[in-house]
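Below, the structure is given as structure tokens:
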């Protein structure tokens with residue numbers, strides 16, 4: 012079986028779930044080989060969990076400055092690994108960072124890159140969903156080693172214990188005039204809620220929420236359902252909620268099991284970001300709101316009456332069990 | 051200071067977009083074409099820097115004949131000159147080729163200090179092109195910036211993504227891609243629109259940008275769409291008007307769907 016390289020997402024201590032998804036995807040194409048770009052010691056800490064999810068090889072590309080520059084160590088590590096093993100494909104997570112790493116790597120390898128794959132078959136053909144969910148596309152790489160950025164949540168992590176062999180890759184020194192230095196980090200404000208793009212449930216608020224205070228109602232329902240909070244562009248532009256939670260064409264695309272739209276009229280740009288959700292529920296005062304055109308369950312009514320009642324009902328059902 | 055702004059003309063996101071039947075590329079014929087709204091903010095940032103620090107602003111766009119309109123708009127906003135990369139062979143160009151061609155166009159501008167771009171365009175959404183252009187030009191990529199400071203030969207950007215926020219720092223020359231949070235773009239004034247008509251726009255093709263390329267043909271894309279299927283449109287399901295029990299009825303629906 013050919014090797015399939017997987018770039019490991021980690022926080023220096025632990026492997027992130029997205030990596031297990033990539034390893035599951037990689038097993039469709041060949042033997043997963045994990046590439047760990049990080050500070051010295053990282054690979055040793057994460058090797059066991061990678062092996063438990065099917066990584067036959069673990070490539071340690073370690074350097075004291077690995078985390079200091081945006082993306083560069085990951086691109087360098089993958090490039091080194093590709094030249095060493097000539098893999099069948101390279102898989103990275105289609106996060107903001109991952110997509111940039113994929114593009115930079117493909118350019119260096121003179122290879123084709125496919126971004127935001129939601130499925131992948133053994134022949135290497137990938138499935139993408141484009142134009143905010145209005146079209147499904149099947150595509151393949153026709154030149155060079157396929158570099159594929161896989162959308163989070165597209166594959167289920169699978170335990171598949173193997174013995175992993177560790178290899179070392181020697182990262183070249185980074186040229187500080189050709190790389191952006193990370194001089195400060197502030198963690199995402201996500202708190203205890205699941206990340207928007209990974210959550211099974213997303214509860215979003217729009218301009219109808221009326222203000223930053225009104226978002227408490229949205230957050231309470233999200234917490235009762237164990238979901239993430241999103242916001243429409245109108246709500247973000249009005250300053251009700253931070254930009255990083257924006258769902259839509261210029262924000263994040265989400266595809267949860269359940270999407271609850273509260274006080275969102277449903278501008279086409281917002282619908283583009285959420286219409287691949289499995290089930291859509293909408294609550295809006297305006298019976299003409301476009302969001303009702305694609306909601307599986309629409310409630311014409313005041314969200315400040317409906318949402319808290321729903322929150323109480325959900326909480327009550329949960330405690331009954 | 052010399053600033054290059056990369057812009058793209060895209061189908062208006064407020065209208066429906068389709069793929070052409072023949073080769074599964076974006077159907078631009080039937081689309082309502084506009085200057086991409088995030089690119090417009092990159093242009094605004096360049097013009098703000100021009101006002102505060104003094105700069106010559108060159109706007110670069112790759113696209114068919116119509117893309118000239120996008121360049122004219124940025125000239126009308128206040129940019130100084132334009133480069134239009136127009137070549138039928140670029141139809142269907144992928145991320146890598148697009149970046150390679152844009153990088154070659156940037157190289158034709160002398161002594162570039164800063165390349166500005168939008169973090170994503172609303173049609174492609176790969177959001178990888180700016181980082182690839184930077185990689186090809188050997189410039190530090192300060193991508194997804196919601197705030198930007200240029201001072202004493204260095205550039206600093208506040209980067210905001212799903213993983214949180216970081217502050218990035220690099221020496222000039224550098225490439226910065228901006229998010230839609232960075233500013234509010236200005237409207238071209240009537241005077242600006244008139245002045246734009248006299249500003250130079252150079253049109254270049256692949257032979258101009260890659261004079262040394264051999265004649266084995268230009269590879270436009272390393273990927274191919276095998277099949278494109280429109281997804282069925284969603285249809286409205288149940289709709290009720292709240293009579294005080296909607297929350298309770300909603301929970302019954304969610305339980306029936308096994309969502310609670």
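Protein chains in written order, with this note's numbering: chain P, 12 to 332; chain H, 51 to 310.
Virtual Cβ for every residue (Gly too), placed ideally from N, Cα, C.
key: Bridge-paired residues (DSSP) for residue 290 of chain H   = P:310
CA nearest to the CA of residue 187 of chain H, picked from H:223, H:200, H:173 = H:223
request  = Would you kindly work out how many angstroms separate the C-alpha atoms of residue 319 of chain P and residue 235 of chain P, rounded to a whole number?
outcome  = 10 Å
inquiry  = Let's test the definition: count the other Cβ atoms within 10 Å of the Cβ of residue 32 of chain P and tell me whether it reaches 16, buried, or not, exposed.
reply    = buried
ask   = Which residues, taken in chain order from the stretch 123-141 of chain P, show a beta carbon closer than 7 Å to some beta carbon of chain H?
value = 123, 124, 125, 126, 136
task = Kindly give me the distance between the Cβ atoms of residue 211 of chain P and residue 268 of chain P, rounded to whole angstroms, as I take these residues to be in contact under 8 Å.
result = 5 Å
message = Between the stretch 170-184 of chain H and the stretch 114-123 of chain H, can you find at least three pairs of beta-carbon atoms closer than 8 Å?
response = no
task = Check the Cβ of residue 30 of chain P against every Cβ in chain H and list those closer than 9 Å, keeping chain order.
result = Ordered by position in chain H, no residue passes the 9 Å Cβ test against residue 30 of chain P, which lies about 14 Å from the chain.
request  = Identify each residue in the stretch 30-61 of chain P for which the Cβ-Cβ distance to at least one residue of chain H is less than 8 Å, and report them in chain order.
outcome  = none
ask   = Given a threshold of 16 other Cβ atoms within 10 Å of its Cβ, counted over all protein chains shown, does residue 94 of chain P qualify as buried or as exposed?
value = exposed
task = Establish whether the CB of residue 329 of chain P and some CB of chain H are separated by less than 9 Å.
result = yes
8 Å Cβ cut-off: residues of chain P touching residue 194 of chain H = 107
inquiry  = Please report the straight-line C-alpha distance between residue 249 of chain H and residue 127 of chain H, rounded to a whole angstrom.
reply    = 12 Å
inquiry  = Quick check on residue 94 of chain P: does DSSP put it in helix, strand or coil?
reply    = helix
ask   = Closer than 9 Å, Cβ to any Cβ of chain P: which residues of the stretch 273-295 of chain H, in chain order?
value = 273, 274, 275, 276, 277, 278, 279, 280, 281, 283, 284, 285, 286, 287, 288, 289, 290, 291, 292, 293, 294, 295
ask   = Leaving out the 5 sequence neighbours to the left and right, which residues in its chain are closer than 8 Å to residue 182 of chain P when beta-carbon positions are compared?
value = 48, 72, 73, 74, 77, 84, 87, 88, 91
request  = Check each candidate in H:194, H:165, H:296, H:308 and name the one with the smallest Cα separation from residue 323 of chain P.
outcome  = H:296
query = Using the rule of at least 16 other Cβ atoms within 10 Å of the residue's Cβ for burial, across every protein chain shown, is residue 305 of chain H buried or exposed?
reply = exposed
key: Beta-carbon contacts of residue 53 of chain H that lie in its chain and below 8 Å, excluding the five residues immediately before and after   = 96, 99, 100, 105, 106, 107, 108, 162, 163, 164, 165, 166
message = Taking 8 Å as the cut-off, does the stretch 232-250 of chain H touch the stretch 104-124 of chain P (at least 3 CB pairs, one atom from each stretch)?
response = no
query = What's the call for residue 266 of chain P, buried or exposed, on a 16-neighbour Cβ count within 10 Å?
reply = buried
request  = Return helix, strand or coil for residue 51 of chain H, following the three-state DSSP convention.
outcome  = coil
query = Quick one: is residue 307 of chain H near chain P, going by C-beta distance under 9 Å?
reply = yes
ask   = Is it the case that the Cβ atoms of residue 93 of chain H and residue 145 of chain H are separated by a distance below 9 Å?
value = no
request  = Answer with buried or exposed for residue 198 of chain P, where buried requires no fewer than 16 other C-beta atoms within 10 angstroms of its C-beta.
outcome  = exposed
Cβ-Cβ distance between residue 193 of chain H and residue 225 of chain H below 9 Å = yes
task = Taking only beta-carbon positions, decide if residue 183 of chain P is within less than 9 Å of chain H.
result = no
key: Residue from P:281, P:288, P:242, P:314 whose Cα sits closest to the Cα of residue 295 of chain P   = P:314
query = Around the Cβ of residue 312 of chain P, are there at least 16 other Cβ atoms within 10 angstroms (buried) or fewer (exposed)?
reply = buried
key: Beta-carbon spacing of residue 177 of chain P, residue 69 of chain P below 9 Å   = yes
request  = Please list, in chain order, all residues of the same chain as residue 227 of chain P whose beta carbon is under 7 Å from its beta carbon, the five residues on each side excluded.
outcome  = none
message = Just to confirm the assignment: which complete alpha helix (DSSP H) runs, minimum length 4, are found wholly within the stretch 238-325 of chain P?
response = 244-248, 279-285
query = What does residue 88 of chain H touch in chain P if you count any residue whose Cβ is under 8 Å from its own?
reply = 261
ask   = Are residue 238 of chain P and residue 196 of chain P close, meaning C-beta to C-beta below 9 Å?
value = no
task = Determine the extent of the alpha helix (DSSP H) in which residue 185 of chain H is found, giving its start and end residues.
result = 179-187
query = So with Cβ pairs under 9 Å, would you call residue 303 of chain H a contact of chain P?
reply = yes
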